[in-house]
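Below you'll find the structure, written out as structure tokens, and then a few comments.
Numbering (this note's numbering), first residue to last: 371 to 607.
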């Protein structure tokens with residue numbers, strides 16, 4: 371019942387009046403407690419449900435990013451990742467991600483919980499980020515004028531060795547989900563840009579649409595990792 375109610379609210383948010391975003395922020399921001407060490411921050415979860423990601427995001431985009439930058443491994447990181455993934459998906463080509471791309475990929479890499487050891491000291495455990503949100507944001511940030519592909523190349527080179535058949539651990543499922551979701555969402559974006567006319571998603575400026583060079587670069591960066599994954603301990607499904 372709770373899930374159905376949340377879904378209903380999220381479907382209705384595009385029909386909120388333009389002033390609703392500021393009203394929601396005025397009501398909830400004073401209650402935000404980012405130092406909460408629980409399983410998550412309830413206010414962030416509520417914001418994730420009620421905010422309209424198609425308009426008015428300028429009112430909170432930079433502020434929430436600054437809050438996220440101020441905390442290492444917060445329990446609400448998954449909610450923030452979902453927020454930025456959705457706003458990116460609904461506004462492709464209308465948001466300048468360049469100042470944030472390095473930090474976003476650093477957070478994504480850190481969230482996978484790779485086994486890192488230095489002088490017999492293990493790295494701290496991190497709070498996970500949903501793989502669907504990660505894949506959605508990455509695909510939304512790609513484009514002819516974006517440096518996201520360069521960082522995706524580095525990310526893929528980083529995770530390739532962790533998919534070796536000799537390696538196994540809690541990171542394997544996360545990587546498997548990403549390898550499945552990234553090309554799926556990439557194809558979905560191509561369909562919207564090239565074939566689905568009159569779609570409800572905000573029109574993408576031509577200069578930010580995926581070019582043939584973007585497609586080739588994406589495929590080439592995925593191929594080595596996909597081939598490695600064929601023999602890894604991922605679920606063969």
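C-beta atoms are modelled at their ideal positions from N, C-alpha and C, and glycine is treated no differently.
{"query": "Mind checking whether residue 376 and residue 419 have CB atoms under 7 Å apart?", "result": "yes"}
{"query": "Please go through the same chain and pick out, in chain order, the residues whose beta-carbon is closer than 6 Å to the beta-carbon of residue 383, but skip the five residues on each side of it.", "result": "422"}
{"query": "Keeping to the same chain, check which residues put their C-beta closer than 7 Å to that of residue 601; ignore five residues upstream and five downstream.", "result": "535"}
{"query": "Rank 592, 578 and 583 by C-alpha distance to the C-alpha of residue 525 and give the top, closest one.", "result": "592"}
{"query": "Is the Cβ-Cβ distance between residue 596 and residue 533 less than 7 Å?", "result": "no"}
{"query": "Using 10 angstroms around the beta-carbon of residue 387, count the other beta-carbons present and answer buried if the total reaches 16, otherwise exposed.", "result": "exposed"}
{"query": "So, at 8 Å on beta carbons, what are the nonlocal neighbours of residue 563 in its own chain, with the 5 sequence-adjacent residues on each side left out?", "result": "574, 579 and 580"}
{"query": "Just verifying my parser: in three-state terms, what is the DSSP assignment at residue 613?", "result": "Residue coverage of the chain in this structure runs from 371 to 607, which leaves residue 613 outside it and unanswerable."}
{"query": "For the alpha helix (DSSP H) that contains residue 415, what are its first and last residues?", "result": "412-420"}
{"query": "Considering only residues of the same chain and omitting the five flanking positions on each side of residue 482, which have a CB-CB separation below 6 Å?", "result": "541 and 544"}
{"query": "How is the alpha helix (DSSP H) around residue 501 delimited, first residue to last?", "result": "501-511"}
{"query": "By the DSSP assignment, the alpha helix (DSSP H) with residue 393 in it spans what residues?", "result": "390-398"}
{"query": "Counting only runs that start and end within the segment 548-582, where is the beta strand (DSSP E) found for 3 or more residues in a row?", "result": "none"}
{"query": "Start and end of the alpha helix (DSSP H) containing residue 465?", "result": "First-last for residue 465: undefined, no H or E at that position."}
{"query": "I need the boundaries of the alpha helix (DSSP H) containing residue 525, first residue and last residue.", "result": "518-530"}
{"query": "Could you spell out where the alpha helix (DSSP H) holding residue 472 opens and where it closes?", "result": "471-481"}
{"query": "In the structure shown, what three-state DSSP assignment does residue 384 receive?", "result": "helix"}
{"query": "If distances are taken between C-alpha atoms only, which option among 522, 546 and 513 comes closest to residue 559?", "result": "513"}
{"query": "Would residue 503 and residue 451 be called neighbours here (beta carbons separated by less than 7 Å)?", "result": "yes"}
{"query": "For residue 600, does the three-state DSSP call read helix, strand or coil?", "result": "coil"}
{"query": "Just tell me which of 378, 442 and 393 has its CA closest to the CA of residue 478.", "result": "442"}
{"query": "In the structure shown, what three-state DSSP assignment does residue 545 receive?", "result": "helix"}
{"query": "Might you give, ordered along the chain, the residues of its own chain that have their beta carbon closer than 8 Å to the beta carbon of residue 572, omitting 5 neighbours on each side?", "result": "424, 460, 461, 462 and 464"}
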